[in-house]
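Peer 1: The structure follows.
Numbering (the working numbering), first residue to last: 23 to 444.
Pasting the structure below:
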């Protein structure tokens, strides 16, 4: 008779001091690497924030807001392109010294990053009994290392403010049925339009009340801006919103959308609009279908992550600093890999773990930080260039297919861990 299988001895850690040293070394190593990752971004010198502040000075002087233009060696001419509500939010910062404004934006971005990372990672820590302080510290440092974060900070962008509003709604207010559920998404939509994809998500997942609140909030905030700045509001919604050439070259590698991918095939000409709309329709339908399935299974985090990736793909312009949604994707993949513990799940664990690591490596290295893609439109006619120049687009498409839906038990435990965004 064959011998009975012998279980491997349990792994114990009899050297807590050594464990502490190893964790400290890991944290110090990550901190040491960060400056090298941020070095290429220093050339941005808060370029976008400076445009915002110059536009506010121009506006304060009595000039039409959307007449402001600033030359750029890569994009040609750049304008103020945000909705009027964003201008009202930015206007007070134009009264401060630039150094103070830069400091405030940077601090707010880092605080928002820490808060949202905690929201995402704390349930995973509880589920897998991970060391809390060490895991949170490593997670925050890794998110700081991601290219979208680096570009947000060094350009002086407002992306993390929008992420806080969206996640507060979809991780807490909507699942708990709060009366104010949808307010965050509505405000984010009025500020930058892109978050409107999450109103669509609320609709397709039949969160009717939250969708109505989000829509009403966006409309009310937009009307408020119209009362304060009627001329600029009318001009934005009737003309500037539809002028994609105001935000820069669509073929530039930093535009990691489907339209950007197609533009790099057709440059210097515009891509075929019908082809783009067809591709957008297919991708949006599939991505939102998977998001609905995740939401119905009780996995809201996967649902909102898929929706964010859909939004990044279908928007005509999606700069690298817009694609925060890779961060929750890595959290989801890591969580699922850790949950695949049985001997029959070895292959699944390796696949999910490898995809998590691969995604993290790509979004840390990035697509623009360490490459000079030139200042003139150049067609993508080489397979290697195609992959390099469309790294985030291809990764987003892969994740739409590969992101797993977590078991309902995992999401229930997640909700028990954090009942409110503390």
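No residue lacks a Cβ here, since even glycine has one placed at the ideal position from N, Cα and C.
Just the Cα atoms here: how many angstroms apart are residue 190 and residue 183?
Peer 2: For residue 190 and residue 183, the distance between alpha carbons rounds to 11 Å.
Peer 1: Does DSSP classify residue 24 as helix, strand or coil?
Peer 2: Because the pLDDT of residue 24 is 49, which lies under 50, any placement of that residue in the model is unreliable, and the question is left without a value.
Peer 1: On the DSSP letters alone, give me the boundaries of the alpha helix (DSSP H) that residue 55 sits inside.
Peer 2: In this chain, the alpha helix (DSSP H) harbouring residue 55 covers 38 to 60.
Peer 1: How is the alpha helix (DSSP H) around residue 94 delimited, first residue to last?
Peer 2: Looking at the DSSP string, residue 94 is not in any alpha helix (DSSP H); the run it does join, the beta strand (DSSP E), is 91 to 94.
Peer 1: Shortest alpha-carbon distance to residue 177 belongs to which of 131, 215, 261?
Peer 2: 131
Peer 1: Counting along the chain, where does the alpha helix (DSSP H) carrying residue 278 start and finish?
Peer 2: For residue 278, there is no enclosing alpha helix (DSSP H), as DSSP gives it neither H nor E.
Peer 1: Would you please verify whether the beta carbon of residue 287 is less than 9 Å from any beta carbon of chain C?
Peer 2: Within the model displayed, chain C is absent; a lone protein chain is all it includes.
Peer 1: Does the Cβ of residue 392 have 16 or more other Cβ atoms within 10 Å, making it buried, or fewer, making it exposed?
Peer 2: exposed
Peer 1: Using a Cβ distance threshold of 8 Å, determine whether the segment 132 to 142 contacts the segment 153 to 172, with at least three qualifying pairs required.
Peer 2: The segment 132 to 142 vs the segment 153 to 172: in contact.
Peer 1: For residue 249, which residues in the same chain have their Cβ closer than 8 Å to its Cβ, ignoring the five residues on either side in sequence?
Peer 2: none
Peer 1: What does the Cβ neighbour count give for residue 22, buried or exposed, with the cut at 16 atoms within 10 Å?
Peer 2: Residue 22 lies beyond the range of the chain shown here (23 to 444); nothing can be said about it.
Peer 1: Hey, could you find the ends of the alpha helix (DSSP H) residue 106 is sitting in?
Peer 2: Per DSSP, the unbroken alpha helix (DSSP H) holding residue 106 starts and ends at 106 to 112.
Peer 1: Candidates 397, 390, 425, 427: which alpha carbon is nearest residue 409's?
Peer 2: Answer by Cα proximity: 390.
Peer 1: Could you tell me which whole beta strand (DSSP E) segments of length 3 or greater appear in the segment 144 to 224?
Peer 2: none
Peer 1: Starting from residue 252, trace the alpha helix (DSSP H) in both directions and tell me its first and last residue.
Peer 2: 252 to 260
Peer 1: Would the segment 216 to 230 and the segment 314 to 323 be scored as touching if the rule is three or more Cβ pairs under 8 Å?
Peer 2: yes
Peer 1: Going by the beta-carbon positions, is the gap between residue 239 and residue 204 smaller than 9 Å?
Peer 2: Their beta carbons are under 9 Å apart, which means residue 239 touches residue 204 by this criterion.
Peer 1: Classify residue 382: buried if its beta carbon has 16 or more other beta carbons within 10 angstroms, exposed otherwise.
Peer 2: buried
Peer 1: Does residue 346 come out as helix, strand or coil in the three-state DSSP assignment?
Peer 2: Judged by DSSP in its simplified three-state form, residue 346 adopts coil rather than helix or strand.
Peer 1: Which residues in the same chain have their Cβ closer than 6 Å to the Cβ of residue 325, if we skip the five residues on either side of it in sequence?
Peer 2: 313, 316, 317
Peer 1: Exposed or buried, residue 280, counting other C-beta atoms within 10 Å across all chains shown (16 or more means buried)?
Peer 2: buried
Peer 1: Can you check whether the CB of residue 49 is closer than 9 Å to the CB of residue 160?
Peer 2: Yes; because the gap between Cβ atoms is below 9 Å, this pair is in contact.
Peer 1: With a cut-off of 8 Å, do at least 3 Cβ pairs link the segment 206 to 220 to the segment 250 to 259?
Peer 2: no
Peer 1: Just verifying my parser: in three-state terms, what is the DSSP assignment at residue 341?
Peer 2: strand
Peer 1: Do you know how far the Cα of residue 128 is from the Cα of residue 329?
Peer 2: 27 Å
Peer 1: Short of 7 Å in beta carbon distance, which residues of its chain neighbour residue 116, apart from the five on each side in sequence? Order them along the chain.
Peer 2: 75, 78, 79, 82
Peer 1: Just curious, the alpha helix (DSSP H) that residue 76 is in, first and last residue?
Peer 2: 69 to 82
Peer 1: Give me whichever residues DSSP pairs with residue 414 in a beta bridge.
Peer 2: Beta-bridge pairing links residue 414 to no other residue.
Peer 1: Taking the straight line between their C-alpha atoms, what separation do you get for residue 188 and residue 421?
Peer 2: C-alpha separation (whole angstroms): 20 Å.
Peer 1: What would DSSP say about residue 100, mapped onto helix, strand or coil?
Peer 2: strand
Peer 1: Rounded to whole angstroms, what's the CA-CA distance from residue 358 to residue 245? Just pull it up for me.
Peer 2: 44 Å
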